[in-house]
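Numbering (this note's numbering), first residue to last: 35 to 307.
Backbone N, C-alpha and C fix where the C-beta goes; we use that ideal spot for every residue, glycine too.
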């Protein structure tokens, strides 16, 4: 599907619309979350799924489908779309309706709605909304990166220079021996445990310096937060230093990756991957 690259003005105009969609999806999620009554099923890959995942998925897909120009939509909860079809897409929406389902089930509030616009394999717009925290991170090419808490005015965010004792964001639900090995190689550090795409957003706002993910993730897990991070001056790369790109192959799995702010330290070498 041929489409010109969305210009900065078009992306700027889309941002508030997509934020509103993410917030509406967040409200649908919270209605189920706060009811305290929901079943947990298992998908074919044994990952958990709830009614909240599907409620958010349907709301986001329906609302994105009304926007012009109309782009294809790929969601974690979509039916599988063959790469032969996806390979024709230049521009499309990539969404994770409920990132951090395990956090949702544990009721710790650290789950997000992730919506990204991809063009030519790059995330050019991203919204990461944490409904239980009432916090929204967003960014787009030419618009910078921002954080908004509740109805307060949004504030620009930026990565920070890495200090002597860096802060590392780690997964609350996916700790691994590989991560422990990397932390030992880093030396003195502070570790923050967090769920979902919020870890990458911590790096984007200068609250953390590194988020290493040395395990499996899917493209919808990272795209929106990668856009926010890059617009805040940071980087999201594989362990060889190559920037993560989207829809380049049959599999929708990401390689192991590193999200970091300051590139003056060789994080890839420390990963041991």
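Item	Value
If I measure Cβ to Cβ from residue 197 and keep anything under 8 Å in the same chain, skipping five residues before and after, which residues do I get?	243
Starting from residue 87 and walking both ways along the alpha helix (DSSP H), at which residues does that stretch end?	85-98
Using a Cβ-Cβ cut-off of 8 Å (strictly less than) and excluding sequence neighbours within five positions of residue 51, which residues of its own chain qualify?	101
Given 8 Å as the limit, is there contact between the segment 137-145 and the segment 216-236, that is, 3 or more CB pairs closer than that?	yes
State the DSSP-derived secondary structure class of residue 131, mapped to helix, strand or coil.	strand
Let's see if you can read the secondary structure: which residues bound the alpha helix (DSSP H) around residue 250?	Careful: residue 250 lies outside any alpha helix (DSSP H) and carries neither H nor E.
Taking just the CA atoms, how far does residue 103 sit from residue 35?	Any reading at residue 35 needs caution, since the residue's pLDDT is 46, under 50, leaving its predicted position unreliable; the model's value is listed next. C-alpha separation (whole angstroms): 12 Å.
Going by other Cβ atoms of all chains shown within 10 Å of its Cβ, with 16 needed for buried, is residue 292 buried or exposed?	buried
Looking at the strands, I want to know which residues DSSP matches up with residue 170.	163, 182
Using a Cβ-Cβ cutoff of less than 8 Å, which residues in the same chain neighbour residue 48 once the five nearest sequence positions on both sides are dropped?	40, 101, 151, 159, 174
Whole alpha helix (DSSP H) runs in the segment 180-234 with 4 or more residues, listed along the chain?	211-220
Would you list the one or two residues that DSSP bridges to residue 148?	130, 162
Report yes or no: do three or more beta-carbon pairs, one from the segment 92-101 and one from the segment 184-201, lie closer than 8 Å?	no
Just verifying my parser: in three-state terms, what is the DSSP assignment at residue 291?	strand
If you follow the beta strand (DSSP E) that residue 269 is in, where does it begin and where does it stop?	269-272
Cα separation between residue 287 and residue 58?	28 Å
Would you grab the beta carbon distance between residue 56 and residue 199 for me? Rounded to a whole angstrom, and I think it's under 8 Å.	About 34 Å; that fails the 8 Å criterion.
Between which two residues does the beta strand (DSSP E) carrying residue 63 extend?	No beta strand (DSSP E) holds residue 63; the alpha helix (DSSP H) holding it covers 42-67.
When the Cα atoms are used, what is the spatial distance from residue 123 to residue 106?	8 Å
Report yes if the C-beta distance between residue 385 and residue 168 is below 7 Å; otherwise report no.	Residue 385 is absent from the structure shown; the chain starts at 35 and stops at 307.
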